[in-house]
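First comes the structure, then the notes that go with it.
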Amino acid sequence: MSIEVHTDEELEQTTILQDVFGDALPQLRIFHTKLASEGEPRGLIGPRDVDILWERHILNSAAIVPFIEASTDDAQFKTVADVGSGGGFPGLVVATCLPDHDLTLIEPMERRVEWLEECVKEMGLENVKVVRSRSEDFIGKLKHHDGGVHPFSVVTCRAVAPMTKLSAWTLPLLRHGGQLIALKGRSAPAEILKAKKEIKKNGGQNPRALEAPIAEGFEPTHVVIVDKK
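If you use our numbering, the sequence shown corresponds to residues 2 to 230, in order.
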């Protein structure tokens, strides 16, 4: 079965973007414009993505937002770490949609850190901190209470690694009772099965894969959620 792909031009002729993003849309338009002009030459997106940025990257990233809101509903500190932020997915989209949450974008590559910092400035985001670091090194700082680093309420990621590796890179960043909420594809249930030992080893429990709606007429994506003991 073929899945209809919505081009940016087509989406601009509808109310879908306004319906999904609401007050966040003006800032996300700035992000979209920057992605469309600079994303491919800077190696952040592929050439086939240039005309479908809204659906492929921005709307897809936004599908994680309701899960983060539900996770932090009663939290005193709404802190989110996005591991391997790359071009800003889902971190910059989450930060724009949830201005009452504090986002830390963890990215090891210097050129991507520069990109993220540019986007934060141009989008006027005041709830984002960009950190150049590998996740493993950041976890080391957390364990040694280095630099005032504290565990997070939620850790997110998108297209970083399979759960077998991701468990060790993300779960140690969470406070007790926090959640890993990772955007995944259709292979999510199979990834969980393969990673059961790693999830348990790193303090995770109750891993599950859920459909994540995007908008009416769009194929849903998926999230893997793991609770931290």
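We treat Cβ as the ideally placed atom computed from N, Cα and C, and that holds for glycine.
Check: Alpha carbon to alpha carbon, how far is H7 from I53?
Finding: 7 Å
Check: If we call anything under 9 Å between Cβ atoms a contact, is R133 one with E111?
Finding: yes
Next item on the list: Under 8 Å by Cβ, that's how I've got I69 and V155 pegged, so tell me the actual separation to the nearest angstrom.
Entry: 5 Å
Check: So the beta strand (DSSP E) E212 belongs to, where does it begin and stop?
Finding: 205-213
Item checked: Enclosing beta strand (DSSP E) for R159 [first to last residue] -> 153-159
Check: Taking contact to mean at least 3 C-beta pairs separated by less than 8 Å, is the stretch 203-213 in contact with the stretch 93-109?
Finding: no
Next item on the list: Indicate whether the contact test is met: 3 or more Cβ pairs, each with one atom in the stretch 37-45 and one in the stretch 61-81, closer than 8 Å.
Entry: no
Next item on the list: Could you tell me how far apart the beta carbons of P48 and R159 are, in whole angstroms, since I believe they sit closer than 8 Å?
Entry: Their Cβ separation, rounded to whole angstroms, is 20 Å, which puts P48 and R159 out of contact at 8 Å.
Note to self: Between the alpha carbons of R57 and G141, how many angstroms are there, rounded?
What the structure shows: 34 Å
Notebook entry, point to check: From what residue to what residue does the beta strand (DSSP E) around R176 run?
Noted result: 175-185
Note to self: Please identify the residue among G87, H102, V84, G88 whose C-alpha is closest to the C-alpha of Q77.
What the structure shows: H102
Notebook entry, point to check: When the Cβ atoms of the stretch 183-201 are set against those of the stretch 113-125, are three or more pairs found closer than 8 Å?
Noted result: no
Note to self: To the nearest angstrom, how far is the alpha carbon of E39 from that of T15?
What the structure shows: 25 Å
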